[in-house]
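A short worksheet on the structure shown next.
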Amino acid sequence: MAVEKTFDYIVVGGGSAGCVMADRLSAGGKHTVLVLEAGGSDRRLWINMPIGYGKTFYDERVNWKFQSEPEPELKDRTIYFPRGKVVGGSSSINAMVYCRGLPADFDDWAQLGNAGWSWSDVRPVYERLERRVDAQGRLSGAGGGSLFVSDVSKQLHPIEKHFFSGARESGLQVTEDFNGPHPEGVGRYQINTRRGMRWSAADAYLRPALKRPNVTLMTNARVNRILFDGRKAVGVTYNLDGAAAGTSMTALASRAVILSAGAVQSPQLLQLSGVGPGALLQQLGIPVVLASSVVGGNLQDHLAMSYYYKATQPTLNNVLSTWWGRLRVGLQYATTLSGPLSISVNQLGGFVKSEATLDRPDTQLYCNPVTYTLAPSSKGTQIVPDSFAGFILCFQPCRPMSRGRIDIVSPSVETPPAIRPNYLSHVDDIQAALRGAKLIQRLSRTPALRGLIKERMTPDLETMDDTAMIDDFRARASTCYHPVGTCMMGSDPSQSVVDANLKVHGLENIYVIDASVFPTVTSGNTHAPTTMVAHKAADVMLRANP
Ligand SMILES: Cc1cc2nc3c(=O)[nH]c(=O)nc-3n(C[C@H](O)[C@H](O)[C@H](O)COP(=O)(O)OP(=O)(O)OC[C@H]3O[C@@H](n4cnc5c(N)ncnc54)[C@H](O)[C@@H]3O)c2cc1C
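So the sequence shown is residues 2 to 547, counted in my numbering.
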């Protein structure tokens with residue numbers, strides 16, 4: 002076993018949260034930080050170019066490509082679970098939509114006993130970390146942070162006018178800014194790009210941090226265990242891919258080990274290291290450091306459902322499905338870094354109430370100017386845009402009540418853990434799915450959207466009663482890639498994994514700082530809140546150890 006030198010902090014995982022931690026903890030120049038990332042470099046065309054999302058989605062060189070266990074309430078389907086395995090983590094392969102979440106999401110966190118996490122506490126953190134760019138490409142607003150949030154409204158597909166008219170006709174509000182004072186309504190998604198290129202957590206935080214002599218990044222370095230001296234974390238062991246494969250390395254941390262391996266792998270690493278359900282650990286021959294059945298529990302995720310329509314007007318399909326269309330937008334991108342290749346396919350959507358009587362939005366919408374099919378090929382599954390004009394209406398219930406688990410099935414880090422989201426196991430989630438489907442039905446029946454719809458593709462919502470809608474949801478709904486909660490924050494050690502400072506209950510010098518600590522999933526996309534969580538956790542650490 003090769004022993005390396007000691008660092009003040011070891012950050013496990015260079016994703017959305019890990020990159021922030023590396024930057025913030027090293028900025029003062031006093032602390033040394035080692036980042037261990039299992040994936041490789043993010044210097045890839047399909048990562049930098051926003052439309053490349055469709056390419057990295059199934060690319061095992063940058064994606065863990067997990068698969069859930071069969072889901073009982075989804076007709077025993079196993080659900081594909083992409084996660085970033087690359088510098089920048091999932092922020093390097095995600096759809097770049099930037100949504101802070103709804104203010105009440107964070108008030109929920111505080112009400113669950115997490116002091117310091119209410120909306121009034123976290124809003125200033127968001128304001129500090131963002132750097133807003135307006136539709137003209139000018140820096141706007143007060144935010145002077147490193148995370149570029151771009152208004153790309155001038156680049157959006159012209160079908161937006163049908164979407165907005167349809168939304169108004171069905172009684173939905175319109176908002177100018179999901180990240181402003183009035184997030185409710187339909188609108189245009191802002192995205193993490195800068196001058197037409199993806200702006201991942203690595204771009205915003207890790208690359209600047211690596212210019213400092215006190216930060217070390219090791220790529221293709223997979224942590225397999227946290228080392229404890231009693232109940233104090235003192236370091237990690239890890240394996241390197243490639244030349245040095247097979248050699249187990251050790252790195253020591255004098256101040257703290259920070260797990261930022263994401264909602265699937267942070268609980269996996271705790272369990273592999275003896276922190277988790279006692280019986281499971283004993284069964285797998287893992288010495289128990291701290292028995293805690295909540296490690297890996299409380300898994301929450303957004304379940305999304307899409308409906309496909311053939312369109313009366315050209316959509317992105319007309320551009321992306323022909324070689325001359327691709328050449329045209331490719332040239333546009335190469336010369337101006339603009340056009341459809343410079344933005345996300347998730348262009349329009351919103352946070353809306355599926356029923357007017359609700360006290361807050363319960364449904365997130367998407368309207369994408371593209372449809373596609375999945376095609377097997379020698380390079381694996383490919384996403385192929387359809388040859389006819391088409392678009393998608395999609396919804397996800399915002400705050401699912403179902404809870405699942407992630408548990409190791411072997412003492413080896415090489416074996417993926419069992420992912421059991423337990424989708425639709427709570428009756429409220431079935432009702433939320435039904436309300437969402439009816440909302441899409443209402444929207445698609447408006448004169449504005451009827452004018453855009455040439456043909457409703459099967460399965461067609463119009464032909465469905467309530468029973469058929471739920472059945473269709475069970476048959477087709479899938480993850481929206483927002484797993485959170487598996488190392489939940491809370492004040493009661495018997496019900497949660499980390500405290501409000503994100504330190505693991507009952508252990509010393511070990512923190513979990515990533516999407517796993519969310520006590521409840523925020524109403525929207527999870528990269529922004531994960532980034533905020535890391536900033537806030539770094540504030541606390543730096544106050545204690547400037
Ligand atoms: C396909 C997809 C689309 C998405 N779209 C959006 C979107 O449009 N907007 C949005 O807000 N959110 C989106 N998300 C979700 C969002 O990206 C994640 O919630 C967020 O990035 C999670 O950050 P994290 O720090 O918790 O984990 P990650 O960013 O996943 O980082 C974890 C890192 O740890 C590394 N790691 C894991 N195990 C080990 C180990 N043993 N040793 C060393 N390193 C390890 C991983 O390789 C990874 O780099 C999407 C996610 C996916 C997968």
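The beta-carbon is built from N, C-alpha and C at its ideal position, and this holds for glycine as well.
Counting along the chain, where does the alpha helix (DSSP H) carrying residue i start and finish?
| i | result |
| --- | --- |
| T57 | Y54 to T57 |
| T364 | Unbroken run through T364 is the beta strand (DSSP E), T364 to N369; no alpha helix (DSSP H). |
| Q432 | V428 to S445 |
| G326 | W324 to T337 |
| T531 | H528 to A545 |
| N318 | L317 to L321 |
| F107 | P104 to Q112 |
| F164 | E161 to E170 |
| A376 | Note, A376: premise wrong, no alpha helix (DSSP H); beta strand (DSSP E) at Y373 to S378. |
| L35 | No alpha helix (DSSP H) holds L35; the beta strand (DSSP E) holding it covers V34 to L37. |
| S27 | S17 to S27 |
| L218 | That residue, L218, is in no alpha helix (DSSP H); its beta strand (DSSP E) goes V216 to M219. |
| A210 | R208 to L211 |
With respect to the beta strand (DSSP E) encompassing residue i, which residues constitute its N-terminal and C-terminal limits?
| i | result |
| --- | --- |
| G391 | G391 to P398 |
| Y482 | Premise fails: Y482 is in no beta strand (DSSP E) and is neither H nor E. |
| R132 | E131 to V134 |
| I384 | G381 to P386 |
| V353 | L349 to V353 |
| H512 | His is not the amino acid found at residue 512; the sequence shown has Tyr there. Residues I511 to V513. |
| R226 | A222 to D230 |
| E463 | Per DSSP, E463 belongs to no beta strand (DSSP E) and is neither H nor E. |
| I1 | Any property of residue 1 remains undetermined from this structure, which presents the chain solely from 2 to 547. |
| I48 | No beta strand (DSSP E) contains I48, which is instead part of the alpha helix (DSSP H) from L46 to N49. |
| A449 | Run containing A449: none in the beta strand (DSSP E); it sits in the alpha helix (DSSP H), P448 to L453. |
| L148 | L148 to S151 |
| A419 | A419 to R421 |
| R189 | G186 to R189 |
Rounded to the nearest angstrom, how far is the Cβ of residue i from that of residue j, given a contact under 8 Å?
| i | j | result |
| --- | --- | --- |
| T238 | M219 | That belief does not hold up - the Cβ atoms of T238 and M219 are roughly 13 Å apart, past 8 Å. |
| L273 | P412 | 7 Å |
| A438 | P398 | About 10 Å; that fails the 8 Å criterion. |
| G236 | I11 | 7 Å |
| F352 | P184 | 6 Å |
| R129 | S141 | Rounded, the Cβ-Cβ distance is 16 Å, inconsistent with contact. |
| A168 | S154 | Not really, about 15 Å apart at Cβ, beyond 8 Å. |
| Y190 | L349 | 7 Å |
| S27 | A210 | 5 Å |
| L207 | A23 | 6 Å |
| I344 | I192 | 6 Å |
| R327 | L321 | 6 Å |
| L1 | A205 | Outside the modelled stretch of the chain, which goes from 2 to 547, sits residue 1, for which no answer is possible. |
Below 6 Å CB to CB, which residues in the same chain sit around residue i once its five sequence neighbours on both sides are set aside?
| i | result |
| --- | --- |
| S93 | D43, I48, G85, V87 and S201 |
| R302 | The question names Arg, yet the displayed sequence has Asp at residue 302. Excluding residues within five positions, the ones whose Cβ falls inside 6 Å are P422, T480, H483 and P484. |
| M542 | none |
| T521 | D109 |
| A478 | L304 and M306 |
| A419 | E70, D408 and V410 |
| R101 | Y127, N180 and A529 |
| N299 | R404, G486 and M489 |
| Y367 | N347, G350 and C395 |
Which residues in the same chain as residue i place their Cβ atom closer than 7 Å to its Cβ, once the five residues preceding and following it in sequence are excluded?
| i | result |
| --- | --- |
| S171 | R443, L444 and T447 |
| T531 | S17, A18, D515 and A516 |
| M465 | D473 |
| E74 | Y424, L425, S426 and R475 |
| V123 | F107, M533 and K537 |
| F67 | F82, R84, V265, P417 and I420 |
| I441 | Y308, L394, F396 and L462 |
Residues in the same chain with beta-carbon distance under 8 Å from residue i, minus the five sequence neighbours each way, listed in chain order, please.
| i | result |
| --- | --- |
| G55 | V346, Y373 and I384 |
| N115 | M490, G491, S492, A501 and P520 |
| L281 | Q272, D408 and I409 |
| G391 | Y309, Y310, K311, A312, T316, N318, V371, T372 and M458 |
| H506 | S293, P494, S497, V498, V499 and D500 |
| D467 | L435 |
| D77 | P71 |
Is it the case that the CB of residue i approaches a heavy atom of ligand 3 more closely than 7 Å?
| i | result |
| --- | --- |
| Q266 | As for ligand 3, it is missing from this structure, which binds only ligand 1. |
Please go through the region 242–312 and give each complete beta strand (DSSP E) segment of 3 or more residues, from N-terminal end onward.
249–260 and 304–312
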